[in-house]
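Visitor: Structure below; questions to follow.
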Amino acid sequence: MTSDSGKSFALKIFNILSKEYPNVKPALNYKTPFELLIATILSAQCTDERVNVVTEKLFQKYKKPKDYLKVPNTELEKDIFSTGFYKQKAKSIKSICKILVEKYNGVVPNDFEELVKLPGVGRKTASVVIGNAFGIPAIAVDTHVKRLSNRLGFINSNDTVKIEFRLEELLPENYWINSSHWLAAHGRKICFARNPKCESCIISKLCPSNKLKQ
DNA sequence: AACTCGGGGCA
DNA sequence: TGCCCAGAGTT
Numbered sequence: 532m533t534s535d536s537g538k539s540f541a542l543k544i545f546n547i548l549s550k551e552y553p554n555v556k557p558a559l560n561y562k563t564p565f566e567l568l569i570a571t572i573l574s575a576q577c578t579d580e581r582v583n584v585v586t587e588k589l590f591q592k593y594k595k596p597k598d599y600l601k602v603p604n605t606e607l608e609k610d611i612f613s614t615g616f617y618k619q620k621a622k623s624i625k626s627i628c629k630i631l632v633e634k635y636n637g638v639v640p641n642d643f644e645e646l647v648k649l650p651g652v653g654r655k656t657a658s659v660v661i662g663n664a665f666g667i668p669a670i671a672v673d674t675h676v677k678r679l680s681n682r683l684g685f686i687n688s689n690d691t692v693k694i695e696f697r698l699e700e701l702l703p704e705n706y707w708i709n710s711s712h713w714l715a716a717h718g719r720k721i722c723f724a725r726n727p728k729c730e731s732c733i734i735s736k737l738c739p740s741n742k743l744k745q
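Going by my numbering, the first sequence runs without a break in its numbering and finishes at 745.
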């Protein structure tokens, strides 16, 4: 496949998905970059719905980074308990808030390289914050994006950075963060890891991995 | 590359 | 009661 045909194929796919999933707002509720950072950390291995239940109270109690530093870890662990992995997440959040206060004047930096340096913040979380809270083009690679990128033939690799680069190569910048939303939304609804619903899939005719063709 | 950390949802 | 979900850090 030439580079150009790869790009037109990708555009075709994402234009269809954009109509299927027109709401590209993150399913996480947040009002500030800081809230999105916390919510995204909590969303790891947890549903967005559950995170929203937890953050509704959490964000009333903790407004700024320094507020998280006022309570013992056990209290924060209790406040985020049902998001799973709560001990590590609480530890990460406390460490992050300390760094934000001491190094960044209490403000979340609008820079990918600075964000990924924070403890508990990987490339996916950093990209979500950069892309959604700051409007800077970024590809957020989660397991849905990995799986669908491979099934759709964009790449044959599970390496996060390679997938980021490939999608950046295939798509214009204004598609970047939304493409992550669309793939993740489609992955959750239709293109399951096991037993994907190809019979209900709006892009099955274009998909090289369509099980109905095989 | 494999392992660990943990809940909730669902049949 | 057991399977499924799916990010970051460590070794």
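Even for Gly, the Cβ is constructed at its ideal location relative to N, Cα and C.
Can you tell me where the alpha helix (DSSP H) holding Ser574 begins and where it ends?
Guide: Taken as a continuous stretch (DSSP letters only), Ser574 belongs to no alpha helix (DSSP H), as it is neither H nor E.
Visitor: Flag this pair as touching only if the region 639-649 and the region 688-707 have three or more C-beta atom pairs under 8 angstroms; answer yes or no.
Guide: no
Visitor: Specify the secondary structure class of Gly662 as computed by DSSP and reduced to three states.
Guide: helix
Visitor: If you drop the 5 nearest sequence neighbours on each side, which residues of the same chain put their C-beta closer than 6 angstroms to that of Glu551?
Guide: Ile733
Visitor: With Ile627 as the anchor, note down where its alpha helix (DSSP H) starts and where it stops.
Guide: 617-634
Visitor: Any chance you could list the beta strand (DSSP E) runs of at least 3 consecutive residues sitting entirely within the region 642-707, in chain order?
Guide: none
Visitor: Quick check on this structure: which residue in Tyr561, His712, Leu683, Asn641 has the alpha carbon closest to the alpha carbon of Pro748?
Guide: Residue 748 lies beyond the range of the chain shown here (532 to 745); nothing can be said about it.
Visitor: Does the beta-carbon of Gly666 have 16 or more other beta-carbons within 10 angstroms, so that it is buried, or is it exposed?
Guide: exposed
Visitor: Give every residue of the same chain whose Cβ lies closer than 7 angstroms to the Cβ of Val676, excluding the five residues on either side of it in the sequence, and list them in chain order.
Guide: Ile694, Ser711, Leu714, Ala715
Visitor: Identify, in the order they occur along the chain, each residue of the same chain with its Cβ nearer than 7 angstroms to the Cβ of Gly537, setting aside the five sequence neighbours on each side.
Guide: Leu701
Visitor: Around the Cβ of Gly637, are there at least 16 other Cβ atoms within 10 angstroms (buried) or fewer (exposed)?
Guide: exposed
Visitor: Would Lys634 be called buried (16 or more neighbouring beta carbons within 10 Å of its own) or exposed?
Guide: exposed
Visitor: Following the continuous alpha helix (DSSP H) through Glu730, name the residue where it begins and the one where it ends.
Guide: That residue, Glu730, is in no alpha helix (DSSP H); it is neither H nor E in DSSP.
Visitor: What is the DSSP secondary structure of Ala558, reduced to helix, strand or coil?
Guide: coil
Visitor: State yes or no: is the C-beta of Lys601 nearer than 7 angstroms to some heavy atom of the ligand NAP?
Guide: Ligands in the displayed structure: none, and consequently the ligand NAP is not present.
Visitor: What three-state label does DSSP hand Asn741 in the structure shown?
Guide: Collapsing the DSSP output to three states places Asn741 in coil.
Visitor: Given a cut-off of 8 angstroms on the beta-carbon distance, is the pair Val639 and Leu568 in contact?
Guide: yes
Visitor: At the level of alpha carbons, what is the spacing between Phe590 and His717?
Guide: A straight line joining the alpha-carbon of Phe590 with that of His717 spans about 29 angstroms.
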